[in-house]
Amino acid sequence: MCGQMPVGLKRRAVADRRMKYTEREKAQIFERMKSMSERNAVQALVDEHERVLRHLMAMMNRWPGDALDRPVKDFGTVRDLMVHIVDSLFAYFQWVREKLELEENVSPPLTREALNRLHSPADWERAISLSLPYCREATAGVCDDDLGRAFPASWNEREIYMVEQMLEHAIVHVWRHVRQLEGLGL
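First residue of the sequence shown: 1, per UniProt numbering; consecutive thereafter.
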(Lines of atoms letter the chains of each structure in order from A and count residues from 1; the text may use other names and numbers.)
(Lines give C-alpha, C1' and ligand atoms only; values in the text may rest on other atoms or scores of the structure.)
Protein backbone atom coordinates (compact mmCIF):
# COMPACT_ATOMS: atom_id res chain seq x y z
CA MET A 1 0.00 0.00 0.00
CA CYS A 2 1.63 3.24 -1.01
CA GLY A 3 2.04 6.27 1.20
CA GLN A 4 1.14 4.78 4.57
CA MET A 5 3.64 4.17 7.34
CA PRO A 6 2.63 1.40 9.76
CA VAL A 7 0.99 3.00 12.81
CA GLY A 8 3.37 1.43 15.33
CA LEU A 9 6.42 2.51 13.38
CA LYS A 10 4.99 6.00 12.97
CA ARG A 11 4.43 6.34 16.74
CA ARG A 12 7.97 5.21 17.47
CA ALA A 13 9.43 7.65 14.97
CA VAL A 14 7.41 10.54 16.39
CA ALA A 15 8.24 9.60 19.99
CA ASP A 16 12.00 9.73 19.45
CA ARG A 17 13.45 10.97 16.17
CA ARG A 18 17.01 10.22 17.38
CA MET A 19 16.37 6.53 17.91
CA LYS A 20 18.33 3.81 16.19
CA TYR A 21 16.46 1.78 13.59
CA THR A 22 17.01 -1.83 12.67
CA GLU A 23 17.89 -2.55 9.05
CA ARG A 24 14.36 -3.87 8.51
CA GLU A 25 12.82 -0.68 9.92
CA LYS A 26 15.11 1.46 7.76
CA ALA A 27 14.01 -0.50 4.69
CA GLN A 28 10.35 -0.02 5.65
CA ILE A 29 10.84 3.71 6.15
CA PHE A 30 12.67 4.00 2.83
CA GLU A 31 9.89 2.13 1.00
CA ARG A 32 7.21 4.31 2.60
CA MET A 33 9.09 7.51 1.71
CA LYS A 34 9.61 6.25 -1.82
CA SER A 35 5.95 5.34 -2.19
CA MET A 36 4.84 8.74 -0.85
CA SER A 37 6.85 10.42 -3.60
CA GLU A 38 4.96 8.18 -6.05
CA ARG A 39 1.69 9.89 -5.09
CA ASN A 40 2.29 13.44 -6.36
CA ALA A 41 -0.32 13.24 -9.13
CA VAL A 42 -2.86 11.55 -6.84
CA GLN A 43 -2.33 14.24 -4.20
CA ALA A 44 -2.72 16.99 -6.81
CA LEU A 45 -6.07 15.55 -7.90
CA VAL A 46 -7.30 15.23 -4.32
CA ASP A 47 -6.11 18.80 -3.58
CA GLU A 48 -8.05 20.13 -6.57
CA HIS A 49 -11.15 18.22 -5.50
CA GLU A 50 -10.82 19.71 -2.03
CA ARG A 51 -10.40 23.17 -3.55
CA VAL A 52 -13.70 22.99 -5.43
CA LEU A 53 -15.47 21.68 -2.32
CA ARG A 54 -14.07 24.57 -0.27
CA HIS A 55 -15.26 26.97 -2.97
CA LEU A 56 -18.73 25.45 -2.74
CA MET A 57 -18.69 25.79 1.07
CA ALA A 58 -17.66 29.46 0.77
CA MET A 59 -20.59 30.01 -1.61
CA MET A 60 -22.94 28.42 0.87
CA ASN A 61 -21.90 30.95 3.54
CA ARG A 62 -23.66 33.60 1.45
CA TRP A 63 -26.83 31.64 0.76
CA PRO A 64 -30.12 32.93 2.17
CA GLY A 65 -32.11 30.60 4.41
CA ASP A 66 -34.50 29.60 1.62
CA ALA A 67 -31.75 28.70 -0.86
CA LEU A 68 -32.16 24.93 -0.47
CA ASP A 69 -35.83 25.12 -1.49
CA ARG A 70 -35.21 27.03 -4.71
CA PRO A 71 -36.11 25.14 -7.88
CA VAL A 72 -33.36 23.73 -10.10
CA LYS A 73 -34.11 22.54 -13.61
CA ASP A 74 -33.77 18.75 -13.95
CA PHE A 75 -33.03 18.30 -10.22
CA GLY A 76 -36.05 19.54 -8.30
CA THR A 77 -34.51 21.83 -5.69
CA VAL A 78 -31.10 23.06 -4.61
CA ARG A 79 -31.34 20.51 -1.77
CA ASP A 80 -31.82 17.72 -4.33
CA LEU A 81 -28.85 19.01 -6.31
CA MET A 82 -26.69 19.07 -3.17
CA VAL A 83 -27.63 15.45 -2.41
CA HIS A 84 -26.61 14.58 -5.97
CA ILE A 85 -23.27 16.43 -5.70
CA VAL A 86 -22.19 14.91 -2.38
CA ASP A 87 -23.56 11.42 -2.99
CA SER A 88 -21.79 11.37 -6.37
CA LEU A 89 -18.47 12.36 -4.85
CA PHE A 90 -18.75 9.43 -2.45
CA ALA A 91 -19.57 7.15 -5.39
CA TYR A 92 -16.56 8.31 -7.44
CA PHE A 93 -14.10 7.69 -4.61
CA GLN A 94 -15.72 4.35 -3.72
CA TRP A 95 -15.45 3.35 -7.41
CA VAL A 96 -11.69 3.99 -7.29
CA ARG A 97 -11.32 1.91 -4.12
CA GLU A 98 -13.47 -0.91 -5.48
CA LYS A 99 -11.77 -1.09 -8.88
CA LEU A 100 -8.27 -1.00 -7.39
CA GLU A 101 -9.36 -3.61 -4.83
CA LEU A 102 -8.00 -1.59 -1.92
CA GLU A 103 -8.33 -3.72 1.18
CA GLU A 104 -8.93 -1.28 4.02
CA ASN A 105 -12.60 -0.38 4.41
CA VAL A 106 -13.14 3.37 4.10
CA SER A 107 -16.82 4.24 4.18
CA PRO A 108 -18.38 7.56 3.21
CA PRO A 109 -19.12 9.64 6.33
CA LEU A 110 -22.82 10.06 5.43
CA THR A 111 -25.44 7.95 3.70
CA ARG A 112 -27.77 9.26 1.02
CA GLU A 113 -30.59 9.07 3.58
CA ALA A 114 -28.61 11.26 6.00
CA LEU A 115 -27.93 13.75 3.20
CA ASN A 116 -31.67 13.93 2.47
CA ARG A 117 -32.26 15.02 6.07
CA LEU A 118 -29.98 18.08 5.95
CA HIS A 119 -32.05 21.25 6.38
CA SER A 120 -29.80 24.29 6.18
CA PRO A 121 -26.76 25.58 4.30
CA ALA A 122 -24.83 25.22 7.59
CA ASP A 123 -25.81 21.52 7.73
CA TRP A 124 -24.52 21.11 4.18
CA GLU A 125 -21.26 22.87 5.01
CA ARG A 126 -20.71 20.44 7.88
CA ALA A 127 -21.52 17.48 5.62
CA ILE A 128 -19.08 18.65 2.97
CA SER A 129 -16.39 19.31 5.58
CA LEU A 130 -16.79 15.67 6.69
CA SER A 131 -16.15 14.56 3.11
CA LEU A 132 -12.72 16.25 2.93
CA PRO A 133 -10.86 13.75 5.14
CA TYR A 134 -12.88 10.93 3.58
CA CYS A 135 -11.51 11.79 0.11
CA ARG A 136 -7.95 11.72 1.44
CA GLU A 137 -8.51 8.43 3.27
CA ALA A 138 -10.24 6.88 0.26
CA THR A 139 -7.21 7.59 -1.95
CA ALA A 140 -4.55 6.72 0.65
CA GLY A 141 -3.67 3.46 -1.09
CA VAL A 142 -3.69 4.89 -4.63
CA CYS A 143 -0.30 5.42 -6.30
CA ASP A 144 0.45 7.48 -9.38
CA ASP A 145 1.02 4.21 -11.27
CA ASP A 146 -2.62 3.29 -10.60
CA LEU A 147 -3.93 6.38 -12.42
CA GLY A 148 -3.58 4.76 -15.85
CA ARG A 149 -5.59 1.65 -14.97
CA ALA A 150 -8.98 1.55 -16.73
CA PHE A 151 -12.32 0.08 -15.68
CA PRO A 152 -16.00 0.30 -16.67
CA ALA A 153 -17.95 3.18 -15.13
CA SER A 154 -20.49 2.24 -12.48
CA TRP A 155 -23.29 4.04 -14.33
CA ASN A 156 -22.59 2.49 -17.76
CA GLU A 157 -20.49 -0.63 -18.28
CA ARG A 158 -19.70 0.45 -21.86
CA GLU A 159 -17.99 3.63 -20.65
CA ILE A 160 -14.40 2.98 -19.65
CA TYR A 161 -12.60 5.34 -17.29
CA MET A 162 -9.02 5.39 -16.14
CA VAL A 163 -8.64 6.07 -12.42
CA GLU A 164 -7.17 9.48 -13.27
CA GLN A 165 -10.18 10.31 -15.45
CA MET A 166 -12.59 9.33 -12.67
CA LEU A 167 -10.80 11.58 -10.18
CA GLU A 168 -10.79 14.40 -12.75
CA HIS A 169 -14.48 13.74 -13.38
CA ALA A 170 -15.13 14.08 -9.64
CA ILE A 171 -13.54 17.55 -9.74
CA VAL A 172 -15.30 18.77 -12.88
CA HIS A 173 -18.63 17.37 -11.70
CA VAL A 174 -18.60 19.69 -8.68
CA TRP A 175 -17.42 22.69 -10.75
CA ARG A 176 -20.22 22.12 -13.25
CA HIS A 177 -22.83 22.22 -10.50
CA VAL A 178 -21.14 25.21 -8.83
CA ARG A 179 -21.66 27.10 -12.09
CA GLN A 180 -25.27 25.91 -12.14
CA LEU A 181 -25.78 27.25 -8.59
CA GLU A 182 -24.09 30.53 -9.49
CA GLY A 183 -26.50 30.80 -12.42
CA LEU A 184 -29.33 30.70 -9.88
CA GLY A 185 -27.83 33.73 -8.15
CA LEU A 186 -26.51 31.73 -5.22
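Idealized CB from N, CA, C, for every residue including glycine.
Where Phe75 is concerned, there is no enclosing beta strand (DSSP E), because DSSP gives it neither an H nor an E. Under the three-pair Cβ rule at 8 Å, the stretch 123-134 counts as touching the stretch 52-59. Setting aside the 5 residues that flank it on each side, Ala91 is surrounded in the same chain by Ser154, each with a C-beta closer than 8 Å to its C-beta; the list follows chain order.
By the C-beta density criterion, Glu164 is buried, having at least 16 other C-beta atoms within 10 angstroms.
Within the same chain, and ignoring the five residues on either side of Leu110 in sequence, the residues whose Cβ sits closer than 7 Å to its Cβ are Ala127 and Leu130.
Boundaries of the beta strand (DSSP E) harbouring Ala150: Ala150 to Pro152, taken from the DSSP string.
Taking a C-beta distance under 8 Å as the contact criterion, Val174 and Leu68 do not qualify as a contact pair. Rounded to the nearest whole angstrom, the CA to CA distance from Trp95 to Arg62 is 33 Å. Counting of Cβ neighbours within 10 angstroms places Arg39 among the buried residues, the total reaching 16 or more. Taking all protein chains shown into account, Ile85 has 16 or more neighbouring C-beta atoms within 10 Å of its C-beta and is therefore buried. Sixteen is the threshold: since fewer than 16 other Cβ atoms of the shown chains lie within 10 Å of the Cβ of Thr22, the residue is exposed. The C-beta distance from Val106 to Ala150 rounds to 22 Å, too long to meet the 8 Å contact threshold. Contact between Glu50 and Leu132 holds: their C-beta atoms lie close to 6 Å from each other, under 8 Å. Annotated as proximal: Pro121 and Met60, with beta-carbon spacing under 8 Å.
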